[in-house]
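Scroll down for the structure; my scribbles are underneath it.
Laid out in structure tokens, this is it:
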């Protein structure tokens, strides 16, 4: 999979929260600005190294199987605790 911050590529300023929220997630404002200013694609491995995704799978089938396992584990927990944690 490939990701990108495309605002500048389509003639828009990245001001809809991208530059405010993404550095908090990634922990590195310079890489976020580079991605926002260049609109370059980056791989799932690079996204994982930045903290944008927690897991990378080689196939869609493996990703779906893992997603189902995570969803089942969450669903087995207290709904009140899960809802509170999501906020």
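Numbering (our numbering), first residue to last: 892 to 978.
By construction, the Cβ of each residue, glycine as well, lies at the ideal position given by its N, Cα and C atoms.
Point to revise | Sub-7 angstroms separation of residue 900 and residue 927 beta-carbons | key: No. Outside cutoff.
**Study point:** Minimum C-alpha distance to residue 941 - residue among 921, 903, 977 and 950
**Key:** When 921, 903, 977 and 950 are compared, the shortest CA-CA separation from residue 941 is found for 921.
Point to revise | Per DSSP, cross-strand counterpart(s) of residue 934 | key: Answer is 893, bridged to residue 934.
Check your understanding: What residue from 976, 954, 917 and 955 has the CA that sits closest to residue 939's CA?
Key -> For residue 939, the closest of 976, 954, 917 and 955 by C-alpha to C-alpha distance is 917.
Exercise for review: Examine the ligand SAM and report whether any of its heavy atoms sits within less than 6 angstroms of the Cβ of residue 915.
Suggested key: The ligand SAM is absent from the structure shown, which contains no ligand whatsoever.
Practice item. Take residue 913 as the anchor and find which of 976, 944 and 959 has the nearest alpha-carbon. Key: The shortest C-alpha separation from residue 913 is found at 944.
Review point. Among residues of its own chain, excluding the 5 on either side of residue 897, which ones have a beta-carbon nearer than 7 angstroms to its beta-carbon?
Key: Same-chain partners within the cutoff: 930.
Review point. What are the boundary residues of the alpha helix (DSSP H) that residue 921 is part of?
Key: For residue 921, the uninterrupted alpha helix (DSSP H) run begins and ends at 920-929, by DSSP.
Practice item. Give me the Cα-Cα distance between residue 925 and residue 977, rounded to the nearest whole angstrom. Key: A straight line joining the alpha-carbon of residue 925 with that of residue 977 spans about 30 angstroms.
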